[in-house]
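Encoded as structure tokens, the structure appears first; notes follow it.
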Ligand code: FES
């Protein structure tokens, strides 16, 4: 019985790990946070940061209209092309670099497992 229970817990853990990725966020004090993000809840980076109470405002709720979720890509993780909306918003934002992305436009999925992002300064 004990063995079956342990096996069940082990299987459950594997199932949970299957739907989880690691996201590295470097905050504005240069401290790294390793977040576990679910890939089956249609979540994005901005929402994940807020869930972990990191200082990301996400004022527009993820509509690519505020840039309060801006971050810099610091890993060579391939990301989808930026939409026109994201590019337009970054055109108007402060502290924009070549590596700038809007966290709300990066969906959590297996292809970004291990991604490293640095929070942009607050505008
Ligand atoms: S939350 Fe507003 S642009 Fe990302």
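Residue numbers (my numbering): 105 to 227.
Backbone N, C-alpha and C fix where the C-beta goes; we use that ideal spot for every residue, glycine too.
All of these numbers come straight from a predicted model, not from anything done at the bench.
N-terminal and C-terminal residue of the beta strand (DSSP E) that residue i is part of
| i | result |
| --- | --- |
| residue 196 | From DSSP, residue 196 is part of no beta strand (DSSP E) but of the alpha helix (DSSP H) over 188-196. |
| residue 152 | Segment 149-155 is the alpha helix (DSSP H) holding residue 152; no beta strand (DSSP E) there. |
| residue 206 | 204-206 |
Closer than 7 Å: residue i CB and nearest the ligand FES heavy atom
| i | result |
| --- | --- |
| residue 169 | yes |
| residue 164 | yes |
| residue 141 | no |
| residue 206 | yes |
| residue 147 | no |
| residue 153 | no |
| residue 173 | yes |
Helix, strand or coil at residue i [DSSP, three-state]
| i | result |
| --- | --- |
| residue 175 | strand |
| residue 141 | strand |
| residue 130 | strand |
| residue 146 | coil |
| residue 220 | strand |
Beta carbon of residue i nearer than 8 Å to that of residue j
| i | j | result |
| --- | --- | --- |
| residue 149 | residue 218 | no |
| residue 222 | residue 153 | no |
| residue 220 | residue 178 | yes |
| residue 204 | residue 194 | yes |
Cα-Cα separation between residue i and residue j, rounded to whole angstroms
| i | j | result |
| --- | --- | --- |
| residue 186 | residue 133 | 27 Å |
| residue 147 | residue 159 | 17 Å |
| residue 125 | residue 209 | 17 Å |
| residue 136 | residue 127 | 10 Å |
| residue 141 | residue 189 | 25 Å |
| residue 182 | residue 198 | 24 Å |
| residue 172 | residue 139 | 19 Å |
| residue 167 | residue 196 | 15 Å |
| residue 155 | residue 201 | 26 Å |
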